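Accompanying notes for the structure given below.
Protein chains in written order, with UniProt numbering: chain D, 1 to 294; chain R, 1 to 332.
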């Protein structure tokens with residue numbers, strides 16, 4: 001007797017739950033199912049993501065170079081003025097935003113990967129493995145993540161890199177929970193039974209037939225978190241856990257500017273406001289993505 | 001009910017233990033050398049080795065862990081490298097100022113969240129405005145709000161002081177450490193108003209994020225309760241919109257908002273670090289910032305442990321309150 005189905009890519013494709021795909025997103029976007037602020041934010045975020053890697057080139061001055069007299073107010077030569085050392089605030093904000101933005105995305109990406117692995121294993125294996133992993137996740141959720149991250153950075157030594165590591169290792173439990181829930185739900189669907197009857201290995205079923213169905217939900221959840229991670233990273237830098245002084249970081253620049261807040265408010269105001277705009281765009285874009293997916 | 005309480009109590013103990021173990025492991029496994037930090041850069045290798053074994057860093061990790069937990073239970077958090085006094089004494093001195101700030105912020109966040117949540121659930125143009133404002137509030141870093149508060153309300157309008165707890169910089173707070181309580185006890189109404197005047201701006205800045213979070217949750221649950229049959233019946237009987245909101249929907253929507261408030265009190269405690277730094281508020285947040293500048297690991301760990309325990313315990317208390325408010329949860 002021949003086997004009912006041979007494990008092939010074509011069968012995988014048939015047995016994978018239907019996703020909306022890029023085309024679905026594009027048509028939702030065109031059909032205006034998404035509000036105006038969200039649409040603007042989505043477009044802006046795409047532009048920002050493409051442009052910010054070139055921030056050092058776009059900046060009119062070097063981010064750590066002395067570019068003029070200290071405390072020059074905002075004007076034509078220096079769009080956002082200069083700081084106490086005469087460095088160009090606009091250039092520093094651009095470079096700092098780039099570091100924040102890609103730092104936040106890296107943290108989220110790490111959290112999604114780690115959370116997905118844990119959630120997929122827990123949901124797919126079930127039984128004792130599930131119980132242990134989910135208890136661990138619950139416990140990690142109950143701990144104040146920012147505070148744990150704070151101790152990690154303090155022990156590793158203050159720097160942007162260490163801040164990213166510290167936040168990344170505390171930012172996965174929600175994603176694990178989401179993927180685990182999705183995995184449990186997808187496991188009951190007929191296509192998974194079919195795949196099992198088709199003789200596929202457990203690993204292949206987990207990765208090819210179950211994971212793709214749950215990854216959408218976790219990516220939407222993750223996109224809603226980018227704004228929050230931006231703020232956490234900047235806050236840790238603000239209280240002194242970022243890279244030491246000349247480095248252009250939004251949080252530490254704002255903290256340095258506090259000293260001159262009443263005489264040269266732009267030094268603190270510019271980086272803080274820029275971060276606010278970026279976080280606002282990220283939050284609206286996350287909402288937009290969620291609306292597109294619904 | 002007993003079972004539900006027991007389960008939550010057990011998980012509380014488990015989470016507290018996990019917090020302590022996590023902090024212990026971070027301290028011991030990461031490269032920071034506590035002995036070198038105490039003795040300074042010029043200590044000889046012999047000195048360091050002698051001090052290491054004296055402080056017990058040569059013992060096996062499990063032995064060190066048990067000693068660490070024992071010290072914690074007896075309230076010993078080690079000695080600060082910066083102030084050279086016991087960390088627990090430092091924290092005890094700074095904690096009341098933080099609690100006072102967080103308490104006022106919680107009141108603001110709860111009242112503000114209730115009002116904003118109810119208004120935004122009612123629909124109309126106001127809810128559109130509120131939606132934009134809350135989205136902005138959720139995206140604003142607290143240091144931006146603090147800076148704007150100082151620039152607008154202190155420098156431009158002169159409505160609030162820029163920082164500190166009191167106009168009298170040398171004012172001490174005895175016996176409780178809570179200035180608002182102490183001045184009331186001392187029968188000093190002018191001083192009480194001065195203290196209130198100083199706490200309002202930092203507390204408001206601190207409360208913005210939590211107000212938004214509470215309002216959003218309340219709005220969601222008001223909306224879902226609003227579509228239930230008993231609300232329709234109440235409307236059909238001819239109650240006004242205000243009556244239906246206060247008597248029917250609000251009471252049945254409070255539980256998620258209450259739970260969010262508990263979560264937010266924990267957030268306010270850690271958020272206080274930034275706000276205290278900006279407003280020179282003499283609490284454990286400002287103490288933590290100063291300790292970070294000095295790489296004072298014992299002090300940093302001490303503050304984080306206190307804040308972390310407060311966070312976990314507050315959430316436990318809120319859990320218990322929910323059991324009281326909502327009998328349906330008791331069977332779980």
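Where is the CB? At the ideal position from N, CA and C, for every residue including glycine.
As the structure is a computational prediction, the values presented were derived from the model and not from experiment.
Here's a check: name, in chain order, each residue in its chain whose Cβ is nearer than 8 angstroms to the Cβ of residue i, leaving out the five neighbours to either side.
i, result
"residue 39/R", "47, 48 and 51"
"residue 178/D", "115, 119, 214, 217, 218 and 221"
"residue 34/D", "28, 42, 288, 291 and 292"
"residue 119/R", "126, 127 and 130"
"residue 19/D", "Residue placement at residue 19/D is poorly supported in this model, since its pLDDT is 48, which falls under 50; the coordinates still yield a value, given next. These residues qualify, in order along the chain: 212, 213 and 216."
With respect to the alpha helix (DSSP H) encompassing residue i, which residues constitute its N-terminal and C-terminal limits?
i, result
"residue 85/D", "Neither: residue 85/D is in no alpha helix (DSSP H) and is coded neither H nor E."
"residue 213/D", "211-236"
"residue 244/R", "Neither: residue 244/R is in no alpha helix (DSSP H) and is coded neither H nor E."
"residue 323/R", "297-325"
"residue 253/D", "250-258"
"residue 156/R", "No alpha helix (DSSP H) holds residue 156/R; DSSP gives it neither H nor E."
"residue 191/R", "189-226"
"residue 37/D", "36-51"
"residue 282/D", "266-293"
"residue 137/R", "124-139"
"residue 191/D", "190-197"
"residue 229/R", "229-236"
"residue 77/D", "Note, residue 77/D: premise wrong, no alpha helix (DSSP H); not H, not E."
"residue 285/R", "284-293"
"residue 181/D", "173-187"
Looking only at its own chain, which residues have a Cβ that is under 7 angstroms from the Cβ of residue i, when we skip the five neighbours before and after it?
i, result
"residue 94/D", "55, 58 and 59"
"residue 83/R", "90"
"residue 133/D", "118, 121 and 122"
"residue 226/D", "104, 105, 108, 282 and 286"
"residue 180/D", "119, 122, 123 and 134"
If residue i and residue j are in contact, beta carbons under 8 angstroms, what's the gap, nearest whole angstrom?
i, j, result
"residue 314/D", "residue 277/D", "Residue 314/D falls outside the range modelled here, since chain D spans only 1 to 294, and no answer is possible."
"residue 77/R", "residue 298/R", "7 angstroms"
"residue 123/D", "residue 53/D", "Contact doesn't hold; Cβ gap of about 36 angstroms is too wide."
"residue 272/D", "residue 143/R", "6 angstroms"
"residue 111/D", "residue 61/D", "Actually they do not touch by this definition, with Cβ atoms about 35 angstroms apart."
"residue 211/R", "residue 43/R", "Actually they are not in contact, since the Cβ atoms of residue 211/R and residue 43/R sit about 50 angstroms apart, beyond 8 angstroms."
"residue 113/R", "residue 195/R", "Between residue 195/R and residue 113/R the Cβ distance is about 25 angstroms, and since that is not below 8 angstroms, they are no contact."
"residue 273/R", "residue 288/R", "5 angstroms"
"residue 86/D", "residue 68/D", "5 angstroms"
"residue 259/R", "residue 156/R", "The Cβ separation is near 39 angstroms, so there is no contact."
"residue 160/R", "residue 100/R", "In fact, because the Cβ distance is near 16 angstroms, the residues do not count as touching under 8 angstroms."
"residue 271/R", "residue 277/R", "With a Cβ gap of about 11 angstroms, residue 271/R and residue 277/R do not count as contacting."
"residue 344/R", "residue 208/R", "The question about residue 344/R has no answer, for chain R in this structure spans 1 to 332."
Taking only the alpha-carbon atoms, compute the straight-line gap between residue i and residue j and give it to the nearest angstrom.
i, j, result
"residue 90/R", "residue 186/D", "53 angstroms"
"residue 265/D", "residue 160/D", "25 angstroms"
"residue 233/D", "residue 152/D", "13 angstroms"
"residue 124/R", "residue 131/R", "11 angstroms"
"residue 300/R", "residue 94/R", "14 angstroms"
"residue 198/R", "residue 261/R", "24 angstroms"
"residue 309/R", "residue 235/R", "46 angstroms"
"residue 16/R", "residue 138/D", "13 angstroms"
"residue 145/D", "residue 275/R", "19 angstroms"
"residue 42/D", "residue 102/R", "36 angstroms"
"residue 65/D", "residue 91/D", "10 angstroms"
"residue 228/D", "residue 100/D", "12 angstroms"
"residue 249/R", "residue 223/R", "9 angstroms"
"residue 239/R", "residue 226/R", "14 angstroms"
"residue 192/R", "residue 176/R", "14 angstroms"
"residue 245/D", "residue 140/R", "24 angstroms"
"residue 190/D", "residue 224/D", "31 angstroms"
"residue 158/D", "residue 163/R", "27 angstroms"
"residue 1/R", "residue 130/D", "27 angstroms"
"residue 314/R", "residue 8/R", "13 angstroms"
"residue 149/R", "residue 270/D", "15 angstroms"
"residue 88/R", "residue 96/R", "13 angstroms"
"residue 200/D", "residue 173/D", "30 angstroms"
"residue 330/R", "residue 6/R", "11 angstroms"
Which residues in the same chain have their Cβ closer than 6 angstroms to the Cβ of residue i, if we skip the five residues on either side of it in sequence?
i, result
"residue 162/D", "153 and 156"
"residue 170/D", "145, 148 and 149"
"residue 104/R", "199 and 203"
"residue 117/R", "215, 218 and 219"
"residue 84/D", "70"
"residue 266/R", "311 and 314"
Determine which residues share a DSSP beta bridge with residue i and list them.
i, result
"residue 66/D", "87/D"
"residue 62/R", "For residue 62/R, which the question treats as bridged, DSSP gives no partner whatsoever."
"residue 79/R", "86/R"
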